[in-house]
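Read top to bottom, the protein sequences are chains A and B.
For the first sequence, full-length UniProt numbering gives the first residue as 1, with consecutive numbering after it.
For the second sequence, full-length UniProt numbering gives the first residue as 1, with consecutive numbering after it.
To keep things clear, I will list the structure first and then write my remarks on it.
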Amino acid sequence: MEKWKLGVATVAAIAALGLAGCSNNQGSSNSKNVTMWVHVSNTDPEGKALQKNVNDFNKENKHGYKAKVQFIPRSGSGGGYEDKVNAALNSGSLPDVLTLDGPNTAAYAHSKIIQPIDKYITNKKDILPTIIKQGTYKGKLYAAGYSESSIGIYYNKKMFKEAGIKDSEIATLKHPWTWTQFKDICKRLKNHFHEPAINMNLNDHSEMALYSLAPFVWSAGGSITNPAGTKAVGYFNSKQTTSAFQLIQDMVKDGYTTISPKDKGFETGKYAMMMTGTWEVQTLQNQYKNLQWGVMPYPVSPATHKQVSPTGSWQYAMSSTAKNKKAAGALINFLMSKKCMYRSDMANTVLPARKSVSKMMMPKVNEQMRFFIKQNQTTGHARPVLVNYPQVTRTFADTVQNVTLYKKNPNVQKVMNEQAKVIQKYLQK
Amino acid sequence: MQTKGIKRQIGWLYVLPAILILLTFLIIPFLMSFSYSFTNYNILTPWAKQYVGFTNYINTFKDPVFLQSLKNIAQFVIFIMPIQVGAALGLALIVNKKRPGNTFFKISFFAPQVVSLTVVSILWMYILNPDQGLLNGILGIFHIKPQPFLTSPKQAMFAIIGVSAWQGAGYQMLIFLAGLQNIPDSLYEAAELDGANSWQRFLHITLPMLKPTSMMILTTTFISAFNLVIQPMIMTQGGPQNATMTPIYYIYRTGFTDRQLGYASAMSVIYGIIIIIFTIIQRKITNAGGDENA
């Protein structure tokens with residue numbers, strides 16, 4: 001008799017413990033306290049810099065606000081962190097301030113998970129227009145990006161020389177290649193090395209596809225949707241947009257690039273060029289010290305000569321349930337200050353989101369990072385702000401995959417007409 | 001009387017953990033997704049979900065990707081069953097004979113099983129790479145031109161079938177091996193005396209004696225084949241052109257990437273029903289086989 005009672009008590013205790021573990025222990029809502037969730041780990045440079053910035057906020061703010069950060073490292077594509085945010089939506093336990101990826105701005109703002117922060121952010125003119133655009137939904141600023149990103153065309157100097165490409169032919173921000181010149185260089189490299197000339201990451205069907213390839217569309221004067229984000233038919237299948245996808249198909253068809261690139265093909269000197277992001281600078285510097293390389297800008301459409309590069313990164317936002325808006329706003333503004341941004345962007349070797357921070361960083365970074373900072377400020381283009389962005393970016397990636405299967409889909413315009421209808425389904429009426 | 005009551009209560013106590021786990025992770029989630037399937041539940045706006053009747057169910061049958069995923073999984077199930085189970089039986093027969101180095105082969109054949117599916121998938125992406133992969137290198141020796149494998153809508157699913165069979169066969173080999181070792185030697189000896197050759201012995205002794213083991217393996221392979229998700233998720237992201245999209249992967253993507261939990265729930269209810277129907281049919285066939293045997 002005693003035994004079974006003890007058993008019941010034990011089970012009940014375990015169950016109670018389990019339930020308590022699930023519940024949220026955020027503590028009482030003291031109005032001076034600000035809670036914050038971030039997607040990075042507190043052991044990596046970005047996390048460490050953020051913790052320092054928050055410590056400074058706690059020391060320096062005059063109102064006695066106390067901010068506390070919880071680090072929820074995301075998995076590869078944003079998994080772990082976003083799962084936690086989604087779960088918190090269900091239980092109504094979002095923090096006051098959170099980080100979110102650029103493309104999520106519209107969905108979060110539309111769902112009223114986050115609220116406008118216009119009035120809390122000071123010195124907005126100093127912030128890059130692409131950052132403002134990324135964080136703006138229906139005319140209001142909802143999120144503040146604290147860093148920028150970009151992509152360039154990395155090239156192997158030795159291989160270029162070997163193939164007879166002169167220094168004067170190298171593309172620069174002042175004199176970018178047109179698509180025709182780009183294809184011509186590819187041809188020469190391919191004929192010399194009997195390998196595809198460039199790895200354009202066409203095996204990556206994630207967000208990377210839109211992020212890295214949409215600049216070709218924008219350079220041609222095309223777009224994914226109309227500016228209001230309500231129409232894709234007539235935009236995604238326009239002549240301009242189609243010309244960019246035609247270029248991608250031609251690049252594959254002519255063997256200048258490949259849909260199944262060799263692993264580390266550029267790093268090991270198999271491909272003479274690679275299209276990739278700012279993050280590669282550190283990898284090449286630290287792990288491939290013998291490789292002589294440089295970075296060039298995106299080639300431009302011969303029809304427009306318009307220079308475009310991709311932009312966007314993670315941002316700070318205030319949740320709709322923030323208990324003390326002033327305190328949360330003050331924290332975001334503090335983290336967006338020159339001092340904080342400089343510290344975190346330098347620590348993480350990323351591009352700055354403020355013009356003034358760019359000036360501070362320029363003398364401290366290497367030649368390639370200087371190129372990226374310049375490219376970002378002069379040719380940067382924000383991604384579209386759309387509520388159903390995940391579906392749109394996937395359709396973009398599917399379209400890239402469709403046109404690169406050129407034997408099956410030789411008619412690019414036909415693919416674009418079909419895919420425009422698919423995107424149209426996902427747009428807000 | 002009283003002791004009987006206490007005994008009953010203790011009985012409940014013993015099954016309580018199992019009941020709690022089943023309730024928490026199976027029954028309640030199932031009931032929840034059933035109720036969500038009639039709503040427009042968006043993961044970002046859980047408070048704004050509205051009842052939409054059978055809209056999600058009707059859309060499911062009009063969704064070309066979902067229908068394609070059903071076709072794909074049918075293709076996978078039909079091919080994986082004979083390939084994987086056949087390979088497992090073949091391997092078991094190889095290592096069943098006592099010869100030197102047997103343990104090495106047993107471990108080698110079983111090894112893929114202890115590696116996580118994610119790692120297996122990444123490993124095979126290297127092997128199947130059209131430009132530098134090991135497999136095309138081997139084919140090249142035989143003057144077969146390089147195959148596109150994962151980048152071809154026609155070949156991608158077969159590549160995944162091959163990888164899955166390679167990974168899964170080792171475990172089933174062990175079960176077959178146990179079955180083989182339970183067959184009394186006297187049967188083979190008697191058959192040999194009667195002049196049966198090795199093929200006849202396999203056909204008339206080994207296969208019939210392995211029937212219960214085979215049925216068990218067929219059932220588990222069948223059910224697990226329906227849950228295919230990791231290999232396409234890692235190796236092809238469901239492509240090219242949805243050629244390797246599976247229902248579970250599509251449901252996951254719709255729910256958690258596209259945030260349409262209501263619609264994803266409707267698809268999972270439909271897919272759940274499909275699996276239940278096929279499992280019942282399969283059990284009926286298996287039981288019928290069992291009765292014959294008995």
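Don't be surprised by glycine CBs; every beta carbon is placed ideally from N, CA and C.
Since the structure is predicted, the reported quantities are computational estimates derived from the model, not experimental observations.
| message | I'd like to know whether the C-beta of residue 90/B is nearer than 9 Å to at least one C-beta of chain A. | response | no
| Does the count of Cβ pairs from the stretch 241-248 of chain A and the stretch 398-417 of chain A closer than 8 Å reach three? | yes
| query | Counting Cβ pairs closer than 8 Å, one from the stretch 146-154 of chain A and one from the stretch 336-345 of chain A, do we hit at least three? | reply | Because the criterion of three Cβ pairs below 8 Å is met, the stretch 146-154 of chain A and the stretch 336-345 of chain A touch.
| query | Roughly how many angstroms separate the alpha carbons of residue 200/A and residue 276/A, rounded to a whole number? | reply | 8 Å
| said: Helix, strand or coil, according to DSSP, for residue 178/A in the structure here? | reply: strand
| query | Any idea what DSSP makes of residue 245/B, helix, strand or coil? | reply | coil
| query | What residue range is occupied by the uninterrupted beta strand (DSSP E) comprising residue 71/A? | reply | 66-71
| message | Is it the case that the stretch 189-204 of chain B contacts the stretch 238-247 of chain B, given that we only count it when at least three CB pairs across the two stretches are under 8 Å? | response | no
| residue 257/A (DSSP reduced to helix, strand or coil) | coil
| message | Taking only three categories from DSSP, how would you classify residue 199/B? | response | helix
| field | Residues of its chain near residue 401/A, where Cβ-Cβ distance is below 7 Å and the 5 sequence neighbours each way are ignored | value | 205
| field | Expected contact under 8 Å - CB spacing of residue 375/A and residue 309/A to nearest Å | value | Contact between residue 375/A and residue 309/A holds, with the beta-carbon distance rounding to 5 Å and staying under 8 Å.
| field | Contact set between residue 107/A and chain B, taken where Cβ atoms lie within less than 8 Å | value | 44, 259
| request: Output the residue ranges of the alpha helix (DSSP H) runs that lie fully inside the stretch 92-177 of chain B and measure 4 residues or longer, sorted by chain position. | output: You should have 102-114, 117-127, 134-141.
| task | Might you give, ordered along the chain, the residues of its own chain that have their beta carbon closer than 7 Å to the beta carbon of residue 127/A, omitting 5 neighbours on each side? | result | Spatial neighbours of residue 127/A in its own chain (CB-CB distance under 7 Å, excluding positions within 5 residues in sequence) are listed in chain order as 353, 354.
| field | Bridge-paired residues (DSSP) for residue 141/A | value | BP columns for residue 141/A point to 136/A.
| With 16 other Cβ atoms within 10 Å as the buried cut-off, status of residue 298/B | Only positions 1 to 294 of chain B appear in the structure, and residue 298/B is not among them; the question remains open.
| Excluding five sequence neighbours on each side, which residues of the same chain lie with their C-beta closer than 8 Å to the C-beta of residue 20/B? | none
| said: Relative to the C-alpha of residue 37/B, which candidate in 272/B, 187/B, 192/B has its C-alpha closest? | reply: 272/B
| query | Name the chain B residues that come within less than 8 Å of residue 262/A, Cβ to Cβ? | reply | 129, 131, 132
| said: Counting C-beta neighbours from all protein chains within 10 Å, is the total for residue 167/A 16 or more, i.e. buried, or is it exposed? | reply: exposed
| query | Per DSSP, which one or two residues make a beta bridge with residue 354/A? | reply | Residue pairing from DSSP places residue 354/A in a beta bridge opposite 127/A.
| For residue 190/A, the nearest candidate out of 159/A, 211/A, 219/A (CA to CA) | 159/A
| field | residue 108/B beta carbon less than 9 Å from that of residue 163/B | value | no
| Would you say residue 66/A and residue 97/A are within 9 Å of each other, going by their C-beta atoms? | no
| field | Backbone secondary structure at residue 117/A - three-state DSSP | value | Per DSSP, reduced to three states, the secondary structure at residue 117/A is coil, with no helix or strand assignment.
| query | Tell me which same chain residues have a C-beta within less than 8 Å of the C-beta of residue 172/A, skipping the five on either side of it? | reply | Excluding sequence neighbours, residue 172/A sits near 296, 297.
| query | Mind checking whether residue 92/B and residue 173/B have CB atoms under 9 Å apart? | reply | yes
| Unbroken beta strand (DSSP E) run spanning residue 153/A, endpoints | 151-156
| said: Under 9 Å, Cβ to Cβ, is there at least one residue of chain B near residue 111/A? | reply: yes
| field | Contacting positions in the stretch 127-155 of chain A - beta carbon closer than 7 Å to chain B | value | none
| said: Check whether chain A comes within 9 Å of residue 291/B, counting only Cβ atoms and requiring the distance to be less than that. | reply: In this prediction, residue 291/B has a pLDDT of 47, which is less than 50 and means its spatial position is unreliable; what the coordinates show is noted afterwards. Taking Cβ atoms only, chain A never reaches closer than 9 Å to residue 291/B, which makes this a no.
| message | Could you check whether residue 251/B and residue 227/B sit closer than 9 Å to each other, using their CB atoms as the reference points? | response | no
| task | State buried or exposed for residue 218/B, treating a residue as buried only when at least 16 other CB atoms are found within 10 Å of its CB. | result | buried
| message | Could you give the first and the last residue of the continuous beta strand (DSSP E) run that contains residue 277/A? | response | Run containing residue 277/A: 273-277, per the beta strand (DSSP E) assignment.
| Out of 405/A, 427/A, 64/A, 54/A, which has the shortest C-alpha to C-alpha gap to residue 255/A? | 405/A
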